[in-house]
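Residue numbers for the sequence shown follow the numbering used here, beginning at 128 and rising by one. Reading through the structure tokens given below for one structure.
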Amino acid sequence: MAVPLLDLKRQYQTIGAELEAALIEVARSGLYTGGPAVEGFEQAAAAYCGVEHAIGVSSGTDAILISLMALGIGAGDEVITTPYSFFATAGCVRRTGAKAVFVDIDPQTYNIDPAGIEPAITENTKAILPVHLYGQCADMEAINEIASRHNLPVIEDAAQAIGAECAGLRAGGFGLAGAFSFYPTKNLGAMGEGGMVTTNDADFADTVRRLRNHGMSAQYRHEQIGGNFRMHALQAAALTVKLRYLDDWTVRRQHVAATYRRCFEEAGLTDRVTLPVEQFERHVYHQYVIRTERRDELLTALREQQIGCNIFYPLSFHEQPCFADLGYKKGDFPQAELASEQTLALPVFAELTDAEIAEVVDAIGRFLD
128 MAVPLLDLKR QYQTIGAELE AALIEVARSG LYTGGPAVEG FEQAAAAYCG
178 VEHAIGVSSG TDAILISLMA LGIGAGDEVI TTPYSFFATA GCVRRTGAKA
228 VFVDIDPQTY NIDPAGIEPA ITENTKAILP VHLYGQCADM EAINEIASRH
278 NLPVIEDAAQ AIGAECAGLR AGGFGLAGAF SFYPTKNLGA MGEGGMVTTN
328 DADFADTVRR LRNHGMSAQY RHEQIGGNFR MHALQAAALT VKLRYLDDWT
378 VRRQHVAATY RRCFEEAGLT DRVTLPVEQF ERHVYHQYVI RTERRDELLT
428 ALREQQIGCN IFYPLSFHEQ PCFADLGYKK GDFPQAELAS EQTLALPVFA
478 ELTDAEIAEV VDAIGRFLD
């Protein structure tokens with residue numbers, strides 16, 4: 128049985144009529160950038176994330192970048208972050224002219240290890256940028272405690288974690304700002320590109336709104352140099368429809384994760400395959416990531432059987448050629464490097480069937496045997 132890593136067509140089949148009606152309404156309105164569709168989505172998303180302000184932007188990458196810009200971060204500054212994430216996390220730090228300072232990850236959750244943050248703080252540190260990787264919050268209580276002692280703002284890279292919870296709060300509501308991605312493969316995916324910045328700080332929200340429109344406070348009056356980071360109304364309309372289903376989809380993703388665990392346990396594979404750990408109360412399983420010392424061989428075997436799988440991420444930031452000038456070397460962040468060598472993402476989406484999950488686990492068992 129072929130099993131896809133992700134199948135967005137299945138999702139579309141369940142809500143296609145609603146999506147098409149929403150898109151047609153925007154098409155007929157003549158309002159394609161900003162406007163009521165974007166404002167309506169921002170209000171609904173702010174309520175969902177439990178924050179005062181949500182500002183729609185052009186992508187998750189731009190959500191991180193504009194948040195750093197709103198803090199005035201630039202040349203000579205340092206931002207503490209993880210070496211193990213999607214490239215945009217560290218890439219946006221570099222784009223401001225600042226230096227990314229890496230701290231190794233927790234080997235169980237793959238999120239930044241709070242124990243390494245304080246030793247990395249210097250007089251040039253201007254922010255902490257944790258990532259809620261694979262759909263689970265980083266340890267925000269510990270991170271915020273450190274940030275508070277040193278009077279540092281926290282920007283959450285919540286691109287993979289909309290709806291994830293820790294200590295009674297949702298991702299995007301812990302720090303000064305949260306940055307979300309609505310790339311089509313995300314739990315809440317647009318029909319193209321999209322992103323969002325969340326905050327409870329009204330002044331910060333106003334700055335982000337200006338920056339997404341070239342820093343304009345009024346027509347042709349530019350208080351700052353920003354960019355074109357605006358959200359398209361068509362994407363906002365699609366996201367508004369999908370947001371109504373997000374909690375149901377999250378429950379299904381959690382069911383998928385639980386079914387994987389049961390199948391791995393019944394197959395007697397848990398001593399040879401490391402399964403995801405749920406550290407906090409609501410893991411939304413953007414990815415279902417296992418680890419094994421035979422990762423590359425397993426990847427090949429699964430793909431030969433048409434079972435979707437992928438590596439997120441095969442190279443830590445400090446090993447990327449574009450960050451060679453930071454002076455890091457292989458061995459500096461052993462947990463991130465080990466995760467890059469051993470982790471493998473299996474199919475996980477709301478419409479994945481129990482039979483497909485069993486097929487994936489059976490294929491892994493056959494390979495390991």
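The C-beta atom is built at its ideal place from N, Cα and C for all residues, glycine as well.
Check: Runs of beta strand (DSSP E) wholly within the stretch 396-483 (minimum 3 residues, chain order); Outcome: 415-418 and 470-473
Check: Below-8 Å beta-carbon distance, residue 442 vs any chain D residue; Outcome: Structure shown: chain D not included; a single protein chain is present.
Check: Reduced DSSP category for residue 284 - H, G, I as helix; E, B as strand; rest coil; Outcome: strand
Check: DSSP-derived helix/strand/coil call for residue 323; Outcome: strand
Check: Completely contained alpha helix (DSSP H) runs for the stretch 210-261, where each covers 4 or more residues; Outcome: 215-222 and 244-247
Check: Residues near residue 350 in its chain [Cβ-Cβ closer than 8 Å; skip 5 each side]; Outcome: 337, 342, 343 and 344
Check: Closest by C-alpha distance to residue 246, when choosing among 208, 301, 323 and 141; Outcome: 208
Check: Outcome for residue 449 when other beta-carbon atoms lying within 10 angstroms are tallied against a minimum of 16; Outcome: exposed
Check: 8 Å Cβ cutoff met for residue 313 and residue 413; Outcome: yes
Check: Backbone secondary structure at residue 207 - three-state DSSP; Outcome: strand
Check: Under the three-state DSSP convention, the category residue 130 falls into; Outcome: strand
Check: For residue 260 and residue 212, the rounded distance between their alpha carbons; Outcome: 7 Å
Check: Exposed unless 16 or more other CB atoms sit within 10 angstroms - verdict on residue 188; Outcome: buried
Check: Three-state secondary structure assigned by DSSP to residue 350; Outcome: coil
Check: Exposure label - residue 339; buried when at least 16 CB within 10 Å; Outcome: buried
Check: Short Cβ contact (8 Å threshold) for residue 254 with residue 206; Outcome: yes
Check: Host beta strand (DSSP E) of residue 275 (start-end); Outcome: Where residue 275 is concerned, there is no enclosing beta strand (DSSP E), although the alpha helix (DSSP H) it sits in stretches over 267-276.
Check: Residue 497 - DSSP class collapsed to helix/strand/coil; Outcome: Residue 497 falls outside the range modelled here, since the chain spans only 128 to 496, and no answer is possible.
Check: Which of helix, strand or coil DSSP assigns to residue 179; Outcome: coil
Check: Pick from 354, 168 and 479 that is closest to residue 377, judged by C-alpha positions; Outcome: 479
Check: Rounded straight-line distance, which links the Cα of residue 258 to that of residue 318; Outcome: 24 Å
Check: Spatial neighbours of residue 358 in its chain, beta-carbon cut-off 7 Å, leaving aside the 5 residues before and after; Outcome: 165, 183, 184, 185 and 321
Check: Beta-carbon proximity check, residue 434 vs residue 471, cutoff 8 Å; Outcome: no
Check: For residue 419 and residue 399, the rounded distance between their alpha carbons; Outcome: 7 Å
Check: Residue 361 vs residue 159 beta-carbon contact at 8 Å; Outcome: yes
Check: Straight-line Cα distance separating residue 190 from residue 458; Outcome: 31 Å
Check: Assumed close pair residue 365, residue 146 - CB separation to whole angstroms, cut-off 8 Å; Outcome: 6 Å
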